[in-house]
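Using the working numbering, you'd call the opening residue of the sequence shown number 1020 and step up by one each time. Where is the CB? At the ideal position from N, CA and C, for every residue including glycine. Worksheet: the structure to be examined is printed underneath.
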Amino acid sequence: MSSTLFGLGRVRITTPLQSNRGSQSLPDALYVLAVVQSIASYTLHVTTLNPFTGALLKGQHLQSTLLNPLVQFAVLAASSRTVGAAGAVNTIATTPAPATVPVVAWLKTRTLRHLMLTLELDEKLRLMPELGFKRVVDVGAHVYGKDECVPVKADGSSSLIRLRLEEDGNKRKVKAQAGVIWE
């Protein structure tokens, strides 16, 4: 078996500092996502590291069977921000910054699966039932403040998948919303 470092993400928490700067965003964990090669396929492995000491917090294999890891998974960020009717993100100054968590999304047996990454890696795997997806195109939308990827079917038709973070008290859940954007 061999493994390759494929992605790196981090989640941030905001804590007040004892200075006149107000609050500052500090990293809570580093997530290392590796693609591990076996005889028949590739699998994903995620590891959480302490950003201050580099100590291993947790590591786990994800239930994945990738034939081509370059097109069958993406690392995204789900957020709880509100979006207006025109698609503009709510930027009112009194609105607190949206919570954001890293999410890994991949295809297995033509089904899109996604997992919210936490320190303990104890979140439940979620999936969108078989819709015939063949590859995932990471369009870089997370760089521009969107939480989206585009899975493509064998016939070339595509859907836009948006990941949203829903919070209920102290409990968080990532929900995928899909919509056909072209065929």
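Selection VAL1065, VAL1054, THR1084 and VAL1155 evaluated against GLU1139 yields VAL1065 as nearest (Cα-Cα). Between VAL1094 and VAL1120 a beta carbon distance of about 12 Å is seen, past the 8 Å cut, so the two are scored as non-contacting.
The C-alpha of LEU1131 lies about 14 Å from the C-alpha of LYS1143. Judged by DSSP in its simplified three-state form, ASP1047 adopts strand. For ALA1096, the closest of TYR1050, SER1177 and LYS1153 by C-alpha to C-alpha distance is TYR1050. Relative to GLY1078, the option among THR1084, THR1072, ARG1129 and LEU1068 whose CA is nearest is LEU1068.
Non-local beta-carbon contacts of ARG1145 in its own chain, meaning distances under 6 Å to residues more than five positions away in sequence, involve HIS1133 in chain order. Across the set VAL1155, VAL1055, MET1135 and TYR1061, the C-alpha of MET1135 shows the shortest separation from the C-alpha of ARG1183. For LEU1179, the secondary structure class from DSSP, reduced to helix, strand or coil, is strand. Per the coordinates, the alpha-carbon of SER1176 lies some 16 Å from the alpha-carbon of LEU1126.
Pairing ASP1141 with MET1147, the inter-Cα distance amounts to about 19 Å. For LEU1138, no beta strand (DSSP E) segment is defined, and its DSSP state is neither H nor E.
The DSSP assignment places complete beta strand (DSSP E) segments of no fewer than 3 residues inside the region 1044–1098 at 1061–1068, 1075–1080 and 1092–1098, in order along the chain.
Between SER1083 and LEU1063, the beta carbon gap of about 5 Å places them in contact (Cβ cut-off 8 Å).
Considering only ALA1048, GLY1151 and PHE1092, the residue with the shortest C-alpha distance to TYR1061 is PHE1092. Comparing alpha carbon positions, the residue from PRO1070, LYS1172, LEU1081 and LEU1089 closest to ARG1129 is LYS1172.
Membership of ALA1124 in the beta strand (DSSP E) is indicated by the continuous run 1119–1127. For PRO1148, the three-state secondary structure derived from DSSP is coil.
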